[in-house]
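The structure appears right after this line, and notes come after that.
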Amino acid sequence: MSFRDLRNFTEMMRALGYPRLISMENFRTPNFILVSEMLLWLCRRLVLYFSASKSIKSVTRPDIGEPFGWS
322 MSFRDLRNFT EMMRALGYPR LISMENFRTP NFILVSEMLL WLCRRLVLYF
372 SASKSIKSVT RPDIGEPFGW S
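The sequence shown begins at 322 in the numbering used here and counts up one residue at a time.
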């Protein structure tokens with residue numbers, strides 16, 4: 322993502338009321354835990370009866386054993 326995309330994303334999350342402060346520094350290196358927290362928060366905000374596992378044991382895809390998005 323470009324600097325502009327990250328800035329717009331952090332501003333949009335702030336406008337939506339995300340409870341945690343998101344810094345541009347959080348995305349200098351891949352931050353899987355933060356991204357998963359944000360996705361869960363967005364899903365719960367959009368879908369009233371959304372449920373997902375809170376325990377994330379790894380960042381690899383179980384079907385092929387490779388990291389998500391980093392092939």
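Ideal Cβ positions, reconstructed from N, Cα and C, are used throughout, including at glycine.
Taking the alpha-carbon of S344 as reference, which of P351, T350, T331 has the nearest alpha-carbon? Residue T331 is the option with its Cα nearest to S344.
What residue does the alpha helix (DSSP H) around I354 start on, and which one ends it? Start and end: 353 to 367.
If you check the beta carbons only, do L363 and L327 fall under 9 Å apart? In terms of Cβ geometry, L363 and L327 do not form a close pair [threshold 9 Å].
Whole-angstrom distance between F348 and S323, CA atom to CA atom: Rounded to the nearest angstrom, the two C-alpha atoms are 11 Å apart.
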